[in-house]
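Before any comments, here is the structure.
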Amino acid sequence: MTSAHAAVDFEQLQATLADQIREVTRLSNEAKAFTEWAQSRDRLVTIWVNAAGVVIKTEIDDDAFDKLDTDELAVTITETTQAAATKVAAKVAEKTAEIQAVTGTSGLSERLRSIPGLAELGRPAAPSMAGPDAESRRRLGLTDREEW
Numbered sequence: 001m002t003s004a005h006a007a008v009d010f011e012q013l014q015a016t017l018a019d020q021i022r023e024v025t026r027l028s029n030e031a032k033a034f035t036e037w038a039q040s041r042d043r044l045v046t047i048w049v050n051a052a053g054v055v056i057k058t059e060i061d062d063d064a065f066d067k068l069d070t071d072e073l074a075v076t077i078t079e080t081t082q083a084a085a086t087k088v089a090a091k092v093a094e095k096t097a098e099i100q101a102v103t104g105t106s107g108l109s110e111r112l113r114s115i116p117g118l119a120e121l122g123r124p125a126a127p128s129m130a131g132p133d134a135e136s137r138r139r140l141g142l143t144d145r146e147e148w
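Structure, rendered in structure tokens:
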């Protein structure tokens with residue numbers, strides 16, 4: 001290969017990489033902008049979350065205070081928040097798959113998954129949806145509360 005061919009190949013590689021970076025940036029920005037919402041079955045609570053599953057807006061119907069006691073309202077808010085977070089996580093996962101397709105890492109991930117035990121390394125565990133004082137957290141010594 002001549003140095004002229006090498007220069008052309010390098011320029012093509014640079015251009016391809018620049019295109020990939022632009023596409024990944026675009027897809028990543030779309031994923032970061034995602035929001036999702038969920039409404040309780042009784043339609044008294046509506047929750048919006050951002051792409052990270054963080055609550056960004058909460059609406060509680062005035063009737064909720066007449067129809068639910070505080071414990072019931074707390075459960076309704078928690079369940080509705082979890083539903084919204086689950087919905088946005090699915091959208092982010094779809095966008096992540098698109099990013100992997102652009103970067104070519106999806107094929108690598110498939111190969112790594114075939115190696116026993118290796119697929120789990122470096123993969124963050126799914127966050128627990130258990131309450132702060134749940135038995136599963138106590139067993140691990142991870143309770144969020146001290147004695148009240």
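Each residue of the sequence shown is one higher than the one before, counting from 1 in UniProt numbering.
Glycine included, C-beta positions come from ideal geometry on N, C-alpha and C.
Everything numeric in this text was worked out from a predicted model, so none of it was measured.
Whether residue i touches residue j by CB criterion (9 Å)
{"i": "A52", "j": "K87", "result": "no"}
{"i": "residue 149", "j": "V102", "result": "What is shown of the chain runs 1 to 148, which leaves residue 149 out entirely."}
{"i": "G131", "j": "T46", "result": "no"}
{"i": "L68", "j": "T76", "result": "yes"}
{"i": "residue 169", "j": "N50", "result": "In the structure as shown, the chain begins at 1 and stops at 148. Residue 169 is therefore absent and cannot be evaluated."}
{"i": "T96", "j": "A15", "result": "no"}
{"i": "L73", "j": "I56", "result": "no"}
{"i": "A84", "j": "W48", "result": "yes"}
Residue(s) in a DSSP beta bridge with residue i
{"i": "V102", "result": "BP columns for V102 are empty, so no partner."}
{"i": "T35", "result": "N50"}
{"i": "V24", "result": "None, per the DSSP bridge assignment."}
{"i": "V45", "result": "I60"}
Residue i: first and last residue of the uninterrupted alpha helix (DSSP H) it sits in
{"i": "S136", "result": "E135 to R139"}
(message) Ignoring anything shorter than 3 residues, give me the beta strand (DSSP E) runs that lie fully in the segment 55 to 88, in order along the chain.
(response) 55 to 60
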